[in-house]
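Remember, the working numbering sits 141 above the position in the sequence shown when you count from 1. Heads up, the beta-carbon is just placed ideally off N, CA and C, and yes, glycines get one too.
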Amino acid sequence: MLTRKIANLATRSVRYFDVGSGRPMLLLHAFPLSADHWLPQLTRVAPGWRAIAPDLRGFRGVGPAFGLPDEPISMDTYAADALELLAHLGVERAAVAGLSMGGYVAMALARMAPQRLDALVLADTRATADTLEGRAGRDRMIDLAQREGAAAIAREMVPKLLGETTRRHQPDLAHVIQHVIELNPPSAIVAGLQAMKARPDSHDVLAALTCPATIICGDEDTITPVADSEAMHRTIPGSKLVVLPRAGHLSNLEAPDAFTTALFQVAPAPSERATRA
Ligand code: MLT
142 MLTRKIANLA TRSVRYFDVG SGRPMLLLHA FPLSADHWLP QLTRVAPGWR AIAPDLRGFR
202 GVGPAFGLPD EPISMDTYAA DALELLAHLG VERAAVAGLS MGGYVAMALA RMAPQRLDAL
262 VLADTRATAD TLEGRAGRDR MIDLAQREGA AAIAREMVPK LLGETTRRHQ PDLAHVIQHV
322 IELNPPSAIV AGLQAMKARP DSHDVLAALT CPATIICGDE DTITPVADSE AMHRTIPGSK
382 LVVLPRAGHL SNLEAPDAFT TALFQVAPAP SERATRA
């Protein structure tokens, strides 16, 4: 069974999974999940890889050491947290993979510290900022989380997170995801919504990328449809696009084998390739 480890950093503690050994891969989870989101990949880590999957700040948070600061946080806060964890673990450079909100964090990390990226994997995410309508939707969700808590957010989101094929053929997955969401404190959900609402457009970051990049998307994703992935693919020089059939927004859970294969196939940055040769 996989168990979380705890890193006691200077100002806070982080729970994370750390599996395998070799080339490091940081896995950044979607909203409003936790590192549990990555269990199918953590149980399938390819030989020669080390997968590190933290709970983003506040998610799965129990006790003040794992909690949130009083001031609002941003995608940069999550990205800086991830970099701090990697430094704590002695990891200078890593392949960074993020799904949906995890992708927004990965793009913030690429803006903040491109030299720390060995490769980038963006799954079921988008490079654009929220539209006005999207921001109004965030406000409605913030209100719902504050009034009714994580269970109400789960009820609202789970049907949208999964593709039509999964809803029909893997109905149990909805219950698993609902449970993972309900383990999160409403404060983490509200902070995530505020951070997503305020995130900037990241096309400039993607256009300037120099490391290898893979984009993965379920073809039944309705939250960040394939068109969003195609736009990122056009923006990132030399990137690879993998569209997974019969998978929705949580494509790593819905099509775990195909997703994991694409994930661990991402090539290292040229300087890392030279070091390895
Ligand atoms: C996610 O899956 O992380 C969120 O649904 C992304 C979003 O709402 O923009």
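- Under DSSP, residue 235 forms a beta bridge with 258.
- A direct Cα-to-Cα measurement between residue 257 and residue 366 gives close to 29 Å.
- Apart from sequence neighbours up to five positions away, the residues of its chain that approach residue 377 with a beta-carbon distance below 6 Å are 347, 350, 354, ordered along the chain.
- Taking the CA atoms as reference points, residue 190 sits about 15 Å from residue 233.
- Look at the beta carbons and you see the segment 389-408 not touching the segment 285-294: under three pairs across the two are nearer than 8 Å.
- Close CB contacts of residue 242 within its chain, under the 7 Å cut and outside five residues either way in sequence, are with 171, 172, 333, 337 (chain order).
- In the same chain as residue 370, and ignoring 5 residues on each side of it, the C-beta atoms closer than 7 Å to its own belong to 356, 358, 382, in chain order.
- Across the structure, residue 142 and residue 160 are spaced so that their CA atoms are roughly 11 Å apart.
- Distances from the CA of residue 212 to each of 380, 328, 194 were compared; the closest alpha carbon is that of 328.
- Each residue's CA atom was taken as its position, placing residue 223 and residue 151 some 13 Å apart.
- Distances from the alpha-carbon of residue 372 to those of 343, 183, 393 put 343 closest.
- In this structure residue 226 is in contact with residue 195, their Cβ atoms being roughly 6 Å apart against a cut-off of 8 Å.
- Relative to the Cα of residue 217, the nearest Cα in the group 318, 229, 245 belongs to 245.
- Nearest to residue 300 by alpha-carbon distance, out of 287, 318, 184, 401, is 318.
- Rounded to the nearest angstrom, the gap between the Cα atoms of residue 286 and residue 331 is 7 Å.
- Bridge partners of residue 146 according to DSSP: 157.
- Looking at the DSSP output, residue 164 shares a beta bridge with 190.
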